[in-house]
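Trainee: Chains as they are written, first to last, in my numbering: chain A, 361 to 586; chain B, 361 to 586.
Quick reminder that beta carbons are idealized off the backbone N, C-alpha and C, glycines included.
2 protein chains.
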Amino acid sequence: MVRCAEARCRTACRALRHAGSMGADESLERQIRFVLEADRLKTVARQSRITNGTRQENSAEHSWHLALMALALGGHAPASTDLGRVMAMLVVHDLVEIDAGDLFLYSDSAAQTRQEAAERAAADRIFALLPAPQAVAARALWDEFEERRTPEARFARALDRLQPMLLNMQTGGGTWVAHDVPLDQVLSKVELIEEGSAALGGYARAMIAEAVERGFLRAIAGPHAG
Amino acid sequence: MVRCAEARCRTACRALRHAGSMGADESLERQIRFVLEADRLKTVARQSRITNGTRQENSAEHSWHLALMALALGGHAPASTDLGRVMAMLVVHDLVEIDAGDLFLYSDSAAQTRQEAAERAAADRIFALLPAPQAVAARALWDEFEERRTPEARFARALDRLQPMLLNMQTGGGTWVAHDVPLDQVLSKVELIEEGSAALGGYARAMIAEAVERGFLRAIAGPHAG
Numbered sequence: 361m362v363r364c365a366e367a368r369c370r371t372a373c374r375a376l377r378h379a380g381s382m383g384a385d386e387s388l389e390r391q392i393r394f395v396l397e398a399d400r401l402k403t404v405a406r407q408s409r410i411t412n413g414t415r416q417e418n419s420a421e422h423s424w425h426l427a428l429m430a431l432a433l434g435g436h437a438p439a440s441t442d443l444g445r446v447m448a449m450l451v452v453h454d455l456v457e458i459d460a461g462d463l464f465l466y467s468d469s470a471a472q473t474r475q476e477a478a479e480r481a482a483a484d485r486i487f488a489l490l491p492a493p494q495a496v497a498a499r500a501l502w503d504e505f506e507e508r509r510t511p512e513a514r515f516a517r518a519l520d521r522l523q524p525m526l527l528n529m530q531t532g533g534g535t536w537v538a539h540d541v542p543l544d545q546v547l548s549k550v551e552l553i554e555e556g557s558a559a560l561g562g563y564a565r566a567m568i569a570e571a572v573e574r575g576f577l578r579a580i581a582g583p584h585a586g
Numbered sequence: 361m362v363r364c365a366e367a368r369c370r371t372a373c374r375a376l377r378h379a380g381s382m383g384a385d386e387s388l389e390r391q392i393r394f395v396l397e398a399d400r401l402k403t404v405a406r407q408s409r410i411t412n413g414t415r416q417e418n419s420a421e422h423s424w425h426l427a428l429m430a431l432a433l434g435g436h437a438p439a440s441t442d443l444g445r446v447m448a449m450l451v452v453h454d455l456v457e458i459d460a461g462d463l464f465l466y467s468d469s470a471a472q473t474r475q476e477a478a479e480r481a482a483a484d485r486i487f488a489l490l491p492a493p494q495a496v497a498a499r500a501l502w503d504e505f506e507e508r509r510t511p512e513a514r515f516a517r518a519l520d521r522l523q524p525m526l527l528n529m530q531t532g533g534g535t536w537v538a539h540d541v542p543l544d545q546v547l548s549k550v551e552l553i554e555e556g557s558a559a560l561g562g563y564a565r566a567m568i569a570e571a572v573e574r575g576f577l578r579a580i581a582g583p584h585a586g
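Written out as structure tokens, the structure reads:
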């Protein structure tokens with residue numbers, strides 16, 4: 361018997377396939393409308409710059425980069441992690457930014473609370489563009505990512521935290537320097553990486569040490585530290 | 361017994377996970393180098409414009425859009441198609457453009473032959489950045505997409521052909537108008553869509569008819585038609 365490690369992914373994929381009882385043409389029309397609406401994510405700018413430093417990254421290409429990281433770094437996820445599900449989650453996780461925009465990772469807690477409400481409203485609107493059962497499946501994937509209760513969600517979140525650190529290291533400290541981000545805040549993000557993957561957490565910790573050495577991060581808490 | 365429709369995807373994912381016999385640190389270093397090299401795909405411009413018409417699409421965000429389409433439109437693939445594998449293929453399929461650039465879909469056959477050679481050389485270089493067994497698995501995914509011998513590859517290719525048509529319809533005819541592409545050449549791309557998905561092929565055919573009606577494509581063969 362073949363071992364079905366990806367059973368949950370298959371379930372999710374199957375749910376995402378089913379467009380319900382409306383006519384085939386109407387289903388397809390709604391799916392295409394969703395695909396066209398999603399295109400707007402290409403216009404949402406993030407704080408991080410791409411590795412050549414020429415411009416800010418957008419949320420669509422960021423999502424692609426994370427899906428590629430799931431493939432390249434999947435060996436560092438817990439053994440039975442379903443990478444297909446991780447990829448699916450990463451592909452949809454930022455769609456809410458079409459309405460809510462991208463909030464800088466180190467914004468204050470009031471801004472983060474407002475952002476969470478805006479993102480939930482965006483999820484309500486955007487996933488509902490899909491035919492009903494598919495909309496529920498896609499929304500469930502997004503909720504799973506947000507709630508970080510499964511190994512897949514924790515690994516996906518780890519990649520989402522690691523990637524901007526990699527970009528910062530390639531762009532002279534990037535957002536850390538631009539926003540004078542204190543070390544303790546960066547280390548709190550490393551904990552989220554460790555929750556998803558011990559190996560990637562260790563890698564991030566070593567990278568932060570190098571960032572301090574290169575002057576990208578201040579070793580002692582600065583004026584912004586809480 | 362759970363039915364394992366995604367068996368091949370699991371095999372591919374497992375192969376992609378295994379980084380071989382080198383030390384864990386060295387494997388991770390190579391994987392990160394691959395991830396950073398991949399970032400350059402964000403700077404490769406395609407001919408198509410994003411739906412708001414403000415700029416050309418880049419190949420990284422295009423790849424994300426296709427992976428999202430695999431999720432949204434997966435119900436129109438043949439029943440046992442492994443969507444996880446389709447997504448993985450779409451995420452890596454354009455990486456070769458980092459070296460080879462993006463060739464316009466309707467370029468002449470001499471340009472296409474040169475492009476194919478450049479893309480193979482790029483695949484040799486880029487996938488080899490990964491630890492050896494993983495490099496082989498990633499290259500096999502790319503070869504599969506290029507060869508179109510599996511339902512997964514044909515569906516992935518269908519999405520890759522459909523997406524720029526959707527963008528053209530949103531941008532006043534887009535590349536069809538800009539390059540005065542003859543109808544018969546567009547219809548030959550529709551055949552590739554039909555090979556991957558009858559429903560999406562039918563959708564594309566109806567869209568082309570509308571494009572002719574709206575004056576985005578000339579109904580009779582123009583001076584460029586072969």
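Taking 7 Å as the CB-CB cut-off, is Leu-388/B touching chain A?
Mentor: Yes, Leu-388/B counts as interfacial toward chain A.
Trainee: How about Ser-557/A and His-436/A: are their beta carbons less than 7 Å apart?
Mentor: In this structure, His-436/A lies closer than 7 Å to Ser-557/A by Cβ.
Trainee: Rank Arg-415/B, Leu-490/B, Asp-399/B and Gly-444/B by C-alpha distance to the C-alpha of Ala-384/B and give the top, closest one.
Mentor: It is Leu-490/B whose Cα lies nearest to the Cα of Ala-384/B.
Trainee: For Ser-408/B, name the three-state secondary structure that DSSP assigns.
Mentor: In the structure shown, Ser-408/B sits in a strand (DSSP, three-state: E or B).
Trainee: Can you check whether the CB of Leu-401/B is closer than 7 Å to the CB of Ala-420/B?
Mentor: Yes, these two residues count as a Cβ contact at 7 Å.
Trainee: Sorry if obvious, but does the Cβ on Ala-566/B come closer than 6 Å to a heavy atom of the ligand MG?
Mentor: Ligands are entirely absent from the displayed structure, and the ligand MG is therefore not among its contents.
Trainee: Can you look up Arg-574/A in the DSSP assignment and give me helix, strand or coil?
Mentor: DSSP places Arg-574/A in coil when its eight states are reduced to three.
Trainee: With Glu-555/B and Arg-514/B assumed to form a contact (beta carbons below 8 Å), what rounded beta-carbon distance in angstroms separates them?
Mentor: Their Cβ separation, rounded to whole angstroms, is 5 Å, which keeps Glu-555/B and Arg-514/B in contact under 8 Å.
Trainee: Pop quiz: Glu-512/B and Asp-399/B are said to be a contact at Cβ under 8 Å. What is the actual Cβ separation, rounded to whole angstroms?
Mentor: The Cβ separation is near 26 Å, so there is no contact.
Trainee: Of all the CB atoms in chain B, is at least one closer than 7 Å to the CB of Gln-407/A?
Mentor: Chain B, which has no Cβ nearer than 7 Å to the Cβ of Gln-407/A, makes this no.
Trainee: What residues of chain A sit near Ala-559/B, judged by a beta carbon separation below 8 Å?
Mentor: Within chain A, the residues near Ala-559/B are Ala-384 and Leu-388.
Trainee: Between the alpha carbons of Val-456/B and Ala-495/A, how many angstroms are there, rounded?
Mentor: Roughly 34 Å between the two C-alpha positions.
Trainee: Any beta carbon of chain B sitting closer than 7 Å to that of Gly-444/A?
Mentor: By this cut-off, Gly-444/A is an interface position.
Trainee: Below 7 Å on C-beta distance, what does Tyr-563/B contact in chain A?
Mentor: Neighbours of Tyr-563/B on chain A, chain order: Leu-388.
Trainee: How many angstroms separate the CA atom of Asn-412/A from the CA atom of Ala-432/A?
Mentor: Looking at the two C-alpha atoms, the distance is approximately 21 Å.
Trainee: Please decide whether Thr-411/B counts as near chain A, where near means a Cβ-Cβ distance under 7 Å.
Mentor: Answer yes: the Cβ-Cβ gap between Thr-411/B and chain A drops below 7 Å somewhere.
Trainee: Beta carbon of Arg-588/B, beta carbon of Gly-561/A: below 7 Å?
Mentor: Any property of residue 588/B remains undetermined from this structure, which presents chain B solely from 361 to 586.
Trainee: With 7 Å set as the bound, which would you pick, yes or no: does the beta-carbon of Trp-536/A sit closer than that to a beta-carbon of chain B?
Mentor: No, because no Cβ of chain B sits closer than 7 Å to the Cβ of Trp-536/A.
Trainee: Out of curiosity, what's the CA-to-CA distance linking Val-546/B and Ser-467/A?
Mentor: Approximately 48 Å between the Cα atoms of the pair.
Trainee: Would you kindly work out how many angstroms separate the C-alpha atoms of Leu-504/B and Met-449/B, rounded to a whole number?
Mentor: The amino acid occupying residue 504/B in the given sequence is Glu; Leu does not appear at that position. Computed Cα separation, rounded: 8 Å.
Trainee: Select from the stretch 416-431 of chain A all residues with a C-beta closer than 8 Å to any C-beta belonging to chain B, and list them in chain order.
Mentor: Result list: Glu-417, Asn-418, Ala-420, Glu-421, Ser-423, Trp-424, His-425, Ala-427, Leu-428, Met-429 and Leu-431.
Trainee: Tell me whether Ser-440/A is buried or exposed, calling it buried when 16 or more other Cβ atoms sit within 10 Å of its Cβ.
Mentor: It is exposed - the Cβ of Ser-440/A has fewer than 16 other Cβ atoms within 10 Å.
Trainee: Alpha carbon to alpha carbon, how far is Glu-479/B from Pro-438/B? Give it in angstroms, no decimals.
Mentor: When rounded, the distance between both Cα atoms is 29 Å.
Trainee: Is the Cβ-Cβ distance between Leu-501/B and Leu-543/B less than 7 Å?
Mentor: Taking 7 Å as the Cβ cut-off, Leu-501/B and Leu-543/B do not qualify as a contacting pair.
Trainee: Using C-beta distances below 6 Å, list every residue in its chain close to Asp-459/B, excluding the 5 sequence neighbours before and after it, in chain order.
Mentor: If we look at Asp-459/B and ignore the five residues flanking it on each side, its Cβ neighbours are Ala-482.
Trainee: So, using beta-carbon positions, are Tyr-563/B and Leu-465/A closer together than 7 Å?
Mentor: The answer is no: Cβ separation not under 7 Å.
Trainee: Between Gly-534/B and the rest of its own chain, which residues show a CB-CB distance below 7 Å, the 5 nearest in sequence each way excluded?
Mentor: For Gly-534/B, where only same-chain residues beyond five positions count, the Cβ hits under 7 Å are Ser-408, Arg-409, Leu-527 and Asn-528.
Trainee: Starting from His-356/A, follow the alpha helix (DSSP H) in both directions and report where the run begins and ends.
Mentor: Not covered by the structure: residue 356/A. The range shown for chain A is 361 to 586.
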